[in-house]
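Sequential numbering from 27 applies to the sequence shown in the working numbering.
Worksheet: the structure to be examined is printed underneath.
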Amino acid sequence: MFETTPPLPSSDAIIPGVHPVDLADPIAAVVAVELSRRLVGLCLSWAEPMVADLASQESLLRKPGGADFVERMLAQRFYRRIEPHVVRMLEICVPLEHAESALARLEEVLRGRFGEVVRTAASYLLSHDRDTAIQMVAVATTMAGRVVRADVADILIAARPVASEE
């Protein structure tokens, strides 16, 4: 029998389990993971209280425009809870001249994803029951966390100077 050595991967090969963006800018990747972790943590810890709040406003949810109104209010409440973390992370990794633009884009992404979680909860609350709504919040939160991670990394990479300029 002959012993063979497996070929070594080329230096530009993609590493399994590592997002290419993580390699391009590791700081942005760490911040993206941290913000998505915070989003997931807040959404999951708010699942039961949020569904209870939505249940108490069921008559409003059934009116035209009511669901959108409640979604916006809950998204604002959520963003106020996560905003200090967003600002602190931006101070770490984005130059001041790009911070305002990055903050606006991050706020839009975070509010939008939390809005999707609220819509999911409201939809399942109205069509099924509280327990189903809470379970579906967990599913929607997981999906939102993945999207937020990718979107935040893209926003931060666009706002950060190229490594050779630093």
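Quick reminder that beta carbons are idealized off the backbone N, C-alpha and C, glycines included.
Secondary structure of residue i, DSSP reduced to three states
i: D51; result: coil
i: G92; result: helix
i: V173; result: helix
i: Q161; result: helix
i: A185; result: helix
i: P121; result: coil
i: H111; result: helix
i: D180; result: helix
Spatially closest choice to residue i from the options, by CA coordinates
i: S85; options: A148, I118, A73 and G67; result: A148
i: D177; options: M162, V163 and R131; result: R131
i: S164; options: I183, L68, A93 and R88; result: The residue you asked about is not Ser; residue 164 is Ala in the sequence shown. Ranking the options by Cα distance to A164, first place goes to L68.
i: S153; options: R88, V66 and E126; result: R88
C-alpha distance - residue i paired with residue j, whole-angstrom precision
i: L80; j: P187; result: 43 Å
i: V144; j: A159; result: 10 Å
i: V57; j: A78; result: 32 Å
i: Q161; j: R63; result: 18 Å
i: T146; j: A125; result: 31 Å
i: L122; j: M169; result: 31 Å
Within 8 Å, strictly: CB atoms of residue i and residue j
i: G138; j: E97; result: no
i: V120; j: L61; result: no
i: T167; j: V59; result: no
i: D94; j: I183; result: no
i: L204; j: V174; result: No statement about residue 204 is possible, as the shown extent of the chain runs from 27 to 192 and does not include it.
Nearest-angstrom Cβ-Cβ length linking residue i and residue j, presumed shorter than 8 Å
i: P128; j: A55; result: The sequence as given places Ala at residue 128; Pro does not occur at that position. About 15 Å separates the two Cβ atoms, so there is no contact after all.
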